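One structure below.
Protein chains: 2
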Amino acid sequence: MPYGKVDELAINTIRTLAVDATAAANSGHPGAPMGMAPVAHVLFNKFMTFNPKNPDWLNRDRFVLSCVPYAFLYISIPAADMSIAHSCRRCDLNPFSAGHLELETVVFLVSAMPCHVNGHGCMLQYALLHLFGYALSIDDLKAFRQLGSITPGHPEAHDTPGVEVTTGPLGQGFSNAVGLAVAQAHTAAVFNKPGYDLINNYTYCFFGDGCAMEGIASEAASAAGHLQLGNLIAIYDDNHISIDGDIKCAFTEDVMKRFEAYGWHTQWVEDGDHDLEGIEAAIAKAKEVKDKPSVIKLTTTIGFGSKLQGTGGVHGNPLKADDIKQVKAKFGFDPEKTFVVPQEVYDMYHKHAADGAAAEQEWNKLFEKYGSEHKELHDDLARRLTRDLPEGWQNKLPTYKPTDPAIASRKLSETVLEAIHDIIPELISGSADLTGSNNTRWKNAIDFQPPSLGIGDYTGRYMRYGVREHAMAAMMNGMSAYGTTIPAGGTFLNFVSYAAGAVRLSSLSHQRVIYIATHDSIGLGEDGPTHQPIETLAHFRALPNMMVWRPADGNETSAAYYMALTSKGTPSILALTRQNLPQLEGSTIEKAIKGGYVALEDSSAAITLVSTGSEVGICLEAVKTLKSQNIAARVVSLPCVEVFDAQDKEYKLSVIPDGIPAMSVEVMSTLGWEKYSHEQFGLNRFGASGPYKEVYAKFEFTPEGIAKRAVATIDFYKDVKPLRSPINRAFQQLI
Amino acid sequence: MPYGKVDELAINTIRTLAVDATAAANSGHPGAPMGMAPVAHVLFNKFMTFNPKNPDWLNRDRFVLSCVPYAFLYISIPAADMSIAHSCRRCDLNPFSAGHLELETVVFLVSAMPCHVNGHGCMLQYALLHLFGYALSIDDLKAFRQLGSITPGHPEAHDTPGVEVTTGPLGQGFSNAVGLAVAQAHTAAVFNKPGYDLINNYTYCFFGDGCAMEGIASEAASAAGHLQLGNLIAIYDDNHISIDGDIKCAFTEDVMKRFEAYGWHTQWVEDGDHDLEGIEAAIAKAKEVKDKPSVIKLTTTIGFGSKLQGTGGVHGNPLKADDIKQVKAKFGFDPEKTFVVPQEVYDMYHKHAADGAAAEQEWNKLFEKYGSEHKELHDDLARRLTRDLPEGWQNKLPTYKPTDPAIASRKLSETVLEAIHDIIPELISGSADLTGSNNTRWKNAIDFQPPSLGIGDYTGRYMRYGVREHAMAAMMNGMSAYGTTIPAGGTFLNFVSYAAGAVRLSSLSHQRVIYIATHDSIGLGEDGPTHQPIETLAHFRALPNMMVWRPADGNETSAAYYMALTSKGTPSILALTRQNLPQLEGSTIEKAIKGGYVALEDSSAAITLVSTGSEVGICLEAVKTLKSQNIAARVVSLPCVEVFDAQDKEYKLSVIPDGIPAMSVEVMSTLGWEKYSHEQFGLNRFGASGPYKEVYAKFEFTPEGIAKRAVATIDFYKDVKPLRSPINRAFQQLI
């Protein structure tokens with residue numbers, strides 16, 4: 001069916017809704033929706049299958065707004081209206097000045113909107129979600145960017161029905177999309193059977209020059225090409241504009257050639273402003289290409305809709321209501337009305353939504369029938385969608401006795417994976433090219449690989465992420481968001497920092513992902529300061545909704561996995577040693593899942609030693625040293641402060657009691673340990689290259705070094721009355 | 001001159017030195033030197049100009065070992081010796097197992113060395129430095145990877161003469177090299193004059209698949225192509241091996257095509273093992289190409305030197321002394337001797353070094369003559385090399401009175417740049433595509449651009465880094481390391497985290513770089529949680545040798561720049577607001593450069609409010625609220641805790657005294673504030689999207705919200721005797 005009047009009306013409805021919402025907010029920008037409306041209309045109405053009444057339907061097509069191409073942030077105005085140009089709310093930069101002067105077409109910003117931020121284009125997505133009938137009302141659009149609304153400044157998966165992943169920070173959405181496509185390919189390979197093409201959705205992603213410049217997106221694109229993800233289709237806006245002006249100031253590479261080098265199928269739609277048929281044909285072609293991801297370059301005209309050509313250098317004022325009206329008239333809408341949606345637009349989109357609902361019904365029937373032929377697979381998939389783990393899985397977790405040998409916690413982690421991978425089929429392990437060091441691979445693991453390479457297939461549950469830490473983390477976020485997998489990925493703890501941008505979004509968007517972070521301290525030895533974390537745990541302990549685990553032995557490692565796997569909305573970092581650790585006398589899984597517990601009690605203790613991971617064992621040795629000086633001490637193991645924080649106060653005070661001082665011991669930054677101790681023994685400097693025992697000795701992380709400081713601590717606090725546990729606080733923190 | 005016996009001898013000397021050093025250390029690996037020895041020999045002895053007696057000579061050619069290609073980590077052994085294969089010291093992985101099984105040629109590791117780490121190849125560099133006569137003795141080689149040696153596990157610029165930048169973490173060295181080349185191009189453009197080709201050095205970089213996969217290197221390569229850095233030559237080892245085995249498991253892209261897409265000149269030397277003439281010709285050609293950076297792909301054979309072909313699946317044992325001897329014999333060396341350097345090798349290399357010393361002498365004469373013709377430029381360059389700033393520069397720093405208007409600190413930062421850029425010509429500003437938001441550009445700045453684009457030239461002092469935060473940071477490290485520039489680069493504070501890997505190396509390698517980090521809190525408002533830092537300051541405060549500044553007003557902003565610019569070996573992050581801040585009554589540059597000071601004194605105070613940045617002004621308002629409740633309070637501004645820590649105890653106790661409780665106030669994670677306060681008011685959760693004043697009110701960062709918690713704090717501590725300032729500690733931290 002050729003495109004007609006109602007299509008144009010729909011496109012312009014998206015545009016005017018954006019104008020109204022941003023004007024109401026006096027913030028955000030309608031430019032993105034205005035420019036992207038044509039391709040969004042074609043994609044959503046012609047290609048995507050989804051049911052707005054059930055945004056969680058598994059086989060829906062996914063849409064990710066990675067970053068809104070900058071050109072969409074602008075619309076042009078006739079020369080006569082130059083006086084209404086204004087300065088940007090956020091950067092205080094006149095759009096005609098500085099970088100903007102470099103534009104060939106001088107453009108201006110509608111409303112008092114920021115001129116440069118990517119994810120801001122989420123009004124496009126909010127408008128579409130509303131029009132198609134998601135639980136997002138006209139009033140929600142009116143509350144755009146307001147406190148407490150479900151239409152925040154950047155798309156947040158947790159807040160808004162129909163938003164798949166939380167984006168805004170550049171490059172993340174694109175990389176999430178790769179993860180969504182990985183999860184789709186894997187889930188399809190595991191569950192699809194002859195006659196049951198259960199999982200065949202596509203993942204679509206819009207991205208622009210901002211994402212294209214980010215290293216994370218380069219990593220993810222390279223990985224996606226390698227993995228031959230045929231159901232991934234990315235639409236690249238080619239318009240030569242970034243915040244600093246024409247991209248020629250920083251970005252002159254041949255993006256399509258680069259994607260070809262990665263192994264992508266590439267296409268180019270030259271007139272992205274008008275050529276709806278061309279856009280449709282390109283997407284159709286991309287869907288046909290099954291052995292490669294596809295990218296479609298869409299060339300758009302800056303200032304689309306305007307007759308204005310560059311004049312530059314004009315200073316302006318905030319856009320007035322009159323000007324909004326004039327813009328609206330240009331799009332064929334009543335300039336006096338706001339938030340107008342013509343009924344025929346609702347009708348068309350609601351019909352598409354109804355088709356989607358029907359498709360889900362069909363799918364549900366198919367899935368039911370599948371249950372009769374493939375009961376085990378059916379039940380497995382049905383269970384995965386609840387995000388509950390199989391009953392009794394926790395009985396597989398290894399436990400240890402004090403007499404068991406000393407083992408590095410990275411090896412203990414491997415033992416857990418070996419023990420549970422069969423009973424938790426949704427667990428997908430992997431590593432950023434450190435498989436042998438991270439111990440992330442169970443023995444008979446199949447690699448997740450395109451079958452044509454002959455080294456694995458898509459049923460594989462072991463990911464070879466390559467040396468791409470940041471993309472690994474963002475791909476894991478996408479895999480978690482898909483709903484059928486729990487990703488765990490390894491690198492050295494120090495290089496989790498390379499992935500910080502995506503790790504943050506794991507927390508913010510409540511993804512159940514597990515970072516297996518080995519070589520967690522100066523205990524890695526010879527590799528030296530470039531590889532020895534100092535600030536890393538403080539960093540991630542300061543990140544809200546992140547569990548940082550640093551287990552001291554086998555039982556604590558099992559506890560860390562227990563919590564990581566059962567916390568459906570919280571990611572985890574497991575900080576694991578390279579060096580061997582003894583099995584502790586007082587540890588059990590039950591104690592450790594409280595985040596902190598008494599590893600060695602002594603009612604006559606003059607001090608509590610609070611420690612984590614590899615230092616707990618040394619603290620237990622230090623107790624003997626202190627005893628020889630007639631000083632009694634108790635030891636607390638605190639493998640996860642976030643989980644410990646969540647315990648009740650009475651329990652916490654039983655662990656770190658009033659009346660005696662507490663001293664923390666951890667071979668890295670002391671930052672934050674004041675919360676659990678009166679004094680802190682740590683390492684607020686970089687480490688050293690050498691055999692690890694020598695490095696530990698150099699910095700006095702020995703029984704003697706700990707005992708010496710414990711004595712100083714006891715002495716220092718003996719005149720303080722009352723000596724309160726740091727658990728006691730004057731007021732509660734906001735949460 | 002054709003290559004002959006002495007060249008072969010030199011190459012094999014590098015190899016055997018590596019074997020001996022790693023054997024002595026029982027750590028590290030000689031594989032890298034063994035494989036790279038041919039290209040290193042050609043490059044160092046035929047092309048590079050340097051004077052080992054003065055590693056700081058400005059116009060020396062730079063060499064960066066970014067990451068040692070994995071193939072170099074292996075050498076092969078005859079099938080008969082398979083029994084001597086052993087497991088890797090670091091990953092406990094047998095080289096014949098798991099990923100290694102995928103190798104076509106089964107290889108083994110000489111000595112008890114790790115099998116997979118990149119920067120480990122630094123023995124190559126250490127051996128070369130020794131052979132050419134740098135201050136690095138045979139004994140230093142013997143102390144490889146030992147505690148306190150100048151030959152640590154990864155190259156550290158700060159420790160080892162002749163090492164230009166600190167590498168090891170993948171992708172950093174490559175990106176540093178781009179920064180070194182930027183600084184070279186800029187310095188040449190500023191100082192070279194007809195007859196005075198003072199600055200014409202090349203930057204050479206070795207990199208492998210590990211770096212090629214990292215996003216940071218993709219960003220830097222794209223930037224280098226855009227910038228047309230003709231004096232940058234990178235040598236890419238193409239050998240299909242990464243830690244997880246054959247790179248076909250994760251990395252199947254066409255790397256050279258990708259570099260072409262970036263705008264690089266590409267070449268391929270098919271036989272990197274033997275073709276010394278081909279290597280020489282390629283480097284010569286790369287030097288001729290002046291309008292593009294060059295990359296030379298060097299295809300090498302895994303297990304070079306071995307007759308063994310893949311057999312796989314054999315388990316092994318640690319390599320014995322006998323086997324080392326056998327390997328040595330194969331290279332034509334006496335199997336009984338260690339650390340042997342034939343005199344003719346020393347002679348050849350020392351002759352090249354002497355040529356380098358003579359070149360420096362010539363250069364010194366030229367520079368002296370330059371002084372007579374271009375005195376001002378001469379003196380400027382001579383001064384820059386001392387790293388001192390021009391006399392009196394600090395008088396240009398703006399100062400403010402309390403009656404001056406409220407201004408956002410990002411704007412205050414812009415005012416500083418505007419005021420000082422003329423007097424500090426080595427200051428190079430820039431932004432990762434947020435120029436208008438970061439306020440990093442002075443009005444008449446020229447962009448650093450290739451002249452052919454017509455939008456700037458290489459004398460330009462404003463960098464358009466593009467949306468490439470991580471590469472920006474690593475490029476700045478390289479620019480700082482070059483010695484003639486002080487780079488400052490902007491992004492949002494939240495996205496400094498994207499650059500964490502490189503920011504860490506700024507600190508570790510003592511680079512004077514400045515991160516201009518705007519939009520520093522929930523005060524950015526509508527952009528919401530994806531952009532609002534919570535954990536970021538805790539992260540970087542936990543990083544050793546990093547100054548984190550969060551100025552509260554204009555004088556503090558000037559103080560932050562004063563310290564950032566005069567601290568020659570410490571990088572800085574300046575956390576700056578989007579929102580306006582009042583000029584404080586009690587602030588001066590002199591007070592603020594102590595890192596913390598009393599902003600409002602009251603000898604009858606019942607509490608000290610300790611705060612930073614945008615919250616200091618709110619604390620001053622809270623004092624009024626408390627006064628209305630008959631409670632006296634004093635206010636401390638602590639713009640930089642690291643600098644405050646360095647003050648003497650008496651001063652610190654005058655700021656945060658004994659006897660009354662202190663409460664910290666900062667709108668982000670409280671982690672670490674326990675060090676400076678008894679109670680903490682902060683935000684240990686993600687922020688919210690909305691107008692910023694509403695967001696502040698939601699979280700109670702208002703005079704009332706602060707006063708309420710101050711009252712609770714006073715009440716809570718009134719029974720504690722003595723109530724010590726947190727400045728008092730039981731023992732000193734190791735530094």
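Sequence lines, in order, name chains A and B.
Taking the UniProt record's numbering, the leading residue of the first sequence gets 1, the next gets one more, and so forth.
Taking the UniProt record's numbering, the leading residue of the second sequence gets 1, the next gets one more, and so forth.
Beta carbons: idealized from backbone N, C-alpha and C, even for Gly.
The model shown is predicted, which means the values in this text are computed figures rather than measured ones.
Within 9 Å of the CB of H226(A), the CB atoms of chain B belong to K248, C249, A250, F251, T252 and E253, in sequence order along the chain. Think of a sphere of 7 Å around the beta carbon of R729(A): the chain B residues whose beta carbon falls inside it are E679, in chain order. Per the Cβ contact rule, the segment 663 to 678 of chain B is in contact with the segment 666 to 686 of chain A (3 or more Cβ pairs under 8 Å). Taking the C-beta atoms as reference points, H265(A) is found no nearer than 8 Å to S218(A). Between the C-alpha atoms of L58(A) and R15(B) there is a straight-line separation of about 57 Å. Per DSSP, reduced to three states, the secondary structure at L609(B) is strand. Here E391(A) is exposed. Its C-beta has fewer than 16 other C-beta atoms within 10 Å. Here G153(B) really is in contact with D527(A); their C-beta atoms are around 5 Å apart, less than 8 Å. Against E674(B), the close residues of chain A are E674 and K675, in the order they occur along the chain (beta-carbon pairs closer than 7 Å). A direct Cα-to-Cα measurement between A183(A) and W363(A) gives close to 19 Å.
Taking C-beta atoms as the reference points, G436(A) and I516(B) fail to come closer than 8 Å.
For the set P402(A), A499(A) and L298(A), the Cα lying nearest the Cα of A552(A) is the one of P402(A).
The Cβ atoms of R634(B) and V598(B) sit closer than 8 Å to each other.
Looking at the DSSP output, V295(A) bridges to A234(A) and T266(A).
Note that the segment 195 to 203 of chain B does not touch the segment 451 to 463 of chain B; fewer than 3 beta-carbon pairs, one per stretch, sit closer than 8 Å. One thing to note: L136(A) has its Cβ no nearer than 8 Å to the Cβ of P155(A). In this chain, the beta strand (DSSP E) harbouring V635(A) covers A633 to S637. Each residue's CA atom was taken as its position, placing K53(A) and E277(A) some 29 Å apart. Judged by their CB atoms, R464(A) and A23(B) are not nearer to each other than the 8 Å cut-off. Taking all protein chains in view, the Cβ of P639(A) is crowded by 16 or more other Cβ atoms within 10 Å, so the residue is classified as buried. With fewer than 16 other Cβ atoms inside 10 Å of its own Cβ, D719(B) counts as exposed. Listed along the chain, the chain B residues whose CB falls inside 8 Å of the CB of M213(A) are E219, S222, D433, G466, V467 and R468. At least 8 Å separates the beta-carbon of L65(A) from that of P529(B).
In its chain, beyond the 5 residues on either side, E164, L180 and T203 have a beta carbon closer than 6 Å to the beta carbon of R62(B).
Per DSSP, reduced to three states, the secondary structure at G148(A) is coil, with no helix or strand assignment. At least one beta carbon of chain A lies nearer than 8 Å to the beta carbon of V695(B). Listed along chain B are T670, Q680, F681, G682, L683, N684 and R685, each with a C-beta nearer than 9 Å to that of Q733(A). Listed along the chain, the chain B residues whose CB falls inside 9 Å of the CB of F495(A) are P169, L170 and G501. For Y236(B), not one C-beta of chain A is nearer than 8 Å to its own C-beta. Taking CB atoms only, T530(A) has a neighbour in chain B less than 8 Å away. Runs of the beta strand (DSSP E) spanning 3 or more residues and lying entirely within the segment 628 to 714 of chain A occur at 633 to 637, 662 to 665 and 679 to 681, in chain order. Distance from V496(B) to P571(B) at the Cβ level is roughly 11 Å; contact not present, criterion being Cβ atoms closer than 8 Å. For the pair L397(B) and I428(B), the CB atoms are not nearer than the 8 Å cut-off. Within a 10 Å sphere around the beta-carbon of T386(A) sit fewer than 16 other beta-carbons, which makes this residue exposed. Within chain B, C249 have C-beta atoms less than 9 Å from the C-beta of D447(A), given in sequence order. The shortest CA-to-CA distance from K652(B) to any of T625(B), S725(B), S413(B) and A688(B) is the one to S725(B).
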